[in-house]
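**Student:** Got a structure for you, written out below as structure tokens; questions coming shortly.
Residue numbers (our numbering): 56 to 312.
Okay, here's the thing in structure tokens:
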């Protein structure tokens with residue numbers, strides 16, 4: 056997106072960001088509108104977008120007095136129509152972000168949430184690349200050395216700049232929230248992995264005790280009085296069971312199991 060001045064003419068490039076038809080809000084289509092503006096003409100060329108600007112024409116026909124401001128007002132009406140199409144995209148991003156935030160602390164949803172957050176961040180960046188350059192270009196038509204074509208429509212372009220500033224601020228807020236949510240998700244994954252590690256370590260310790268006792272009484276030494284004792288087997292089972300039960304209780308109390 057850009058606004059360039061060539062003598063008495065203007066060349067404006069704007070990006071249209073819209074959901075892909077049939078896919079939903081998860082994918083965005085980026086189209087382009089090239090506008091050539093002269094003293095007595097406005098020519099727009101639309102690429103990769105099926106949504107036209109019949110509403111702009113209807114608006115100009117309903118308010119013929121505004122056309123006294125010349126082709127600059129038509130340019131404003133086109134820019135305003137493009138910017139208005141950004142708001143539904145922002146609303147969708149905010150709704151999707153709220154839904155993902157609700158899932159962050161659900162059991163087992165952290166990894167899936169990270170994927171969704173990265174996809175959401177990519178969609179926000181698509182909109183950012185369309186809005187930020189256009190905000191800079193629209194500011195040239197509102198303040199400073201305003202092109203002669205737009206001299207009578209400065210107040211209208213201020214409305215466009217205000218809308219773009221709001222959208223840009225919303226995008227920055229969404230990006231910050233996404234970054235925070237990603238950090239929280241990574242922390243949740245780390246905590247989850249830590250819980251799994253503790254459970255594995257606890258069970259390993261319990262089975263290690265069983266293995267240790269079994270290994271001691273499994274040695275083939277002749278001078279082992281427990282092997283010839285009538286109640287040696289029952290004592291061994293009782294000792295192993297009691298020790299493992301005690302360890303299980305301790306680990307359970309500590310929150311490891």
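No residue lacks a Cβ here, since even glycine has one placed at the ideal position from N, Cα and C. Just so it is clear, the structure is predicted and the values come from calculations on it, not from any experiment.
For residue 74, which of helix, strand or coil comes out of DSSP?
**Tutor:** If DSSP states are grouped into helix, strand and coil, residue 74 belongs with the strands.
**Student:** By a C-beta neighbour count over all protein chains shown, 10 Å radius and 16 as the cutoff for buried, is residue 255 buried or exposed?
**Tutor:** When all chains shown are included, residue 255 counts as exposed.
**Student:** What number of angstroms, rounded off, separates the C-alpha of residue 71 from the C-alpha of residue 141?
**Tutor:** Going from the Cα of residue 71 to the Cα of residue 141 covers about 8 angstroms.
**Student:** Whole angstroms is fine: what's the gap from residue 83's alpha carbon to residue 181's?
**Tutor:** Whole-angstrom Cα-Cα distance: 8 angstroms.
**Student:** Please give the ranges of any alpha helix (DSSP H) in the stretch 206-292, keeping only runs that are unbroken, at least 4 residues long and fully inside the region.
**Tutor:** With a minimum length of 4 residues, the continuous alpha helix (DSSP H) runs that stay inside the stretch 206-292 are 209-272 and 280-283.
**Student:** Hey, how far is the Cα of residue 131 from the Cα of residue 200?
**Tutor:** Whole-angstrom Cα-Cα distance: 17 angstroms.
**Student:** Could you tell me the distance, in whole angstroms, from the CA atom of residue 103 to the CA atom of residue 203?
**Tutor:** Cα-Cα distance, rounded: 31 angstroms.
**Student:** Please classify residue 89: does DSSP put it in a helix, a strand, or coil?
**Tutor:** Three-state result, residue 89: strand.
**Student:** Apply the 10 Å Cβ neighbour rule to residue 308 and answer buried if 16 or more other Cβ atoms are within range, or exposed otherwise.
**Tutor:** Answer is exposed; the Cβ neighbour count stays below 16.
**Student:** What do you reckon, are the CB atoms on residue 269 and residue 229 nearer than 9 angstroms?
**Tutor:** Taking 9 angstroms as the Cβ cut-off, residue 269 and residue 229 do not qualify as a contacting pair.
**Student:** Quick check on residue 101: does DSSP put it in helix, strand or coil?
**Tutor:** DSSP places residue 101 in strand when its eight states are reduced to three.
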